[in-house]
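Visitor: Under numbering that gives the first Met the number 0, the first residue of the sequence shown carries the number 0, and numbering increases by one thereafter.
This is the structure I have questions about; it appears just below.
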Amino acid sequence: MSQLQATPRAVQRIVHGLPTSDGAGVKLRRVIGQPQLPDLDPFLMLDEFGTDRAEDYIAGFPDHPHRGFETVTYMLDGRMRHRDNHGNEGVLVPGSVQWMTAGRGLVHSEMPEQQEGRMRGFQLWLNLPAREKMTEPKYQEFGPERIPSAAPAPGVTAKVIAGTVAGVTGPIRQPATDPTYVDLAIAPGARFEQQLPADYAAFLYVFEGEIQVGTEPQAVRTHELAVLGEGTLVQLKGLKAAGNGSPARAILVAGRPLKEPVAKYGPFVMNTRAELQRAFEDFQAGRF
Ligand code: FE2
């Protein structure tokens with residue numbers, strides 16, 4: 000009988016989000032999809048939005064198109080209304096997830112459903128393989144009550160959006176990239192381990208407190224993204240708690256790289272320049 004040795008994932012590099020604005024002037028931190036980290040196949044973009052100031056988010060994201068990939072919105076605080084040109088509409092509340100497969104294209108808006116208070120969350124863009132880029136648009140949308148929690152170790156809580164943690168499987172289905180997306184709360188000193196396929200892309204983004212990866216001497220701090228090297232096991236330890244004494248918080252995200260050519264411009268992500276050109280033409284002609 001042979002047993003495969005678990006290989007721990009180390010921190011390959013630390014990336015700091017770039018303050019920017021998007022939509023009609025929403026202030027956010029772009030972590031993936033900026034010069035320091037243009038992409039992390041299959042992940043094309045990660046934005047963290049988080050502010051108590053209505054003027055930073057109130058203008059929202061008016062009508063804009065997408066083609067060829069998926070957008071994943073995970074709300075931590077605040078309410079956002081989405082509406083598309085195919086008649087889909089809904090409100091994202093705190094703790095909810097919208098996994099939108101743009102496929103061959105749609106035009107939608109994402110607007111705050113509040114005039115004041117805190118707005119906080121993430122938007123992740125995941126690429127689609129060539130064979131699925133022109134698929135029918137679809138939504139996987141789940142309220143907070145549909146996102147299961149796992150308690151994999153003392154002092155650790157994991158909200159499982161996609162993938163499986165300690166036997167608890169999240170509701171999202173995406174066979175192409177086989178994603179794991181987990182919202183972790185880790186008390187200082189508590190430890191968390193997660194197995195992943197060795198060659199999947201993986202990152203940890205800390206949004207409260209500090210977390211140690213494996214035996215790395217340097218902690219991953221608030222608003223830092225750690226790109227994790229290859230390996231079968233992610234080992235984390237909670238360090239400094241957030242200012243209010245609560246556990247450190249992070250999202251752990253992983254997925255199968257597509258290893259395909261990427262031709263992208265703004266909200267269109269295809270494989271070739273000709274397909275990008277076609278996306279522009281289709282959008283201009285109202286074929287989304
Ligand atoms: Fe969008």
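Ideal Cβ placement from N, Cα and C applies to all residues, glycine included.
Considering only heavy atoms of ligand 1, does any lie closer than 7 Å to the CB of T70?
Guide: Counted from its first residue, the sequence shown places residue 70 at position 71. Yes - ligand 1 has a heavy atom lying nearer than 7 Å to the Cβ of T70.
Visitor: Under a Cβ-count criterion, where at least 16 other Cβ atoms within 10 Å of its own Cβ denotes burial, should Q211 be classed as buried or exposed?
Guide: Position 212 of the sequence shown holds residue 211. Looking at its Cβ environment, which holds 16 or more other Cβ atoms inside 10 Å, Q211 is buried.
Visitor: Is E88 a contact residue of ligand 1, with contact defined as CB to any heavy atom under 7 Å?
Guide: Counted from its first residue, the sequence shown places residue 88 at position 89. E88 Cβ: outside cutoff for every heavy atom of ligand 1.
Visitor: Find the nearest neighbour of G254 within the set D40, G237, R248, judged by alpha-carbon distance.
Guide: Locating residue 254 in the sequence shown gives position 255, where the first residue counts as 1. Taking only the C-alpha atoms, the option nearest G254 is D40.
Visitor: Using the rule of at least 16 other Cβ atoms within 10 Å of the residue's Cβ for burial, across every protein chain shown, is Y204 buried or exposed?
Guide: Start at 1 with the first residue of the sequence shown, and residue 204 comes out as number 205. Within a 10 Å sphere around the beta-carbon of Y204 sit 16 or more other beta-carbons, which makes this residue buried.
Visitor: Using three-state DSSP, classify R29 as helix, strand or coil.
Guide: Translated into positions along the sequence shown, residue 29 becomes position 30. DSSP, read as helix, strand or coil, puts R29 in strand.
Visitor: Cα separation between S20 and F206?
Guide: On the sequence shown, position 21 is the one that residue 20 refers to. On the sequence shown, position 207 is the one that residue 206 refers to. S20 and F206: Cα-Cα distance of roughly 19 Å.
Visitor: DSSP three-state call for E69: helix, strand or coil?
Guide: Here residue 69 refers to the residue found at position 70 when the sequence shown is read from its first residue. In this structure, E69 counts as strand in the three-state DSSP scheme.
Visitor: Find out if the Cβ-Cβ distance for the pair G22, A58 is shorter than 8 Å.
Guide: Here residue 22 is taken as the residue at index 23 of the sequence shown, counted from 1. Here residue 58 is taken as the residue at index 59 of the sequence shown, counted from 1. For the pair G22 and A58, the CB atoms are nearer than the 8 Å cut-off.
Visitor: Excluding the 5 residues flanking L232 on each side, which residues of the same chain have their C-beta closer than 7 Å to its C-beta?
Guide: Counting from 1 along the sequence shown, the entry for residue 232 is found at position 233. Here the set comprises A5, T6, P7, R8, E192, Q194.
Visitor: Assuming V25 and Y73 are in contact, meaning their beta carbons sit under 8 Å apart, how far apart are those beta carbons, in whole angstroms?
Guide: Stepping through the sequence shown from its first residue, residue 25 is reached at position 26. Stepping through the sequence shown from its first residue, residue 73 is reached at position 74. Not confirmed; about 16 Å, so no contact.
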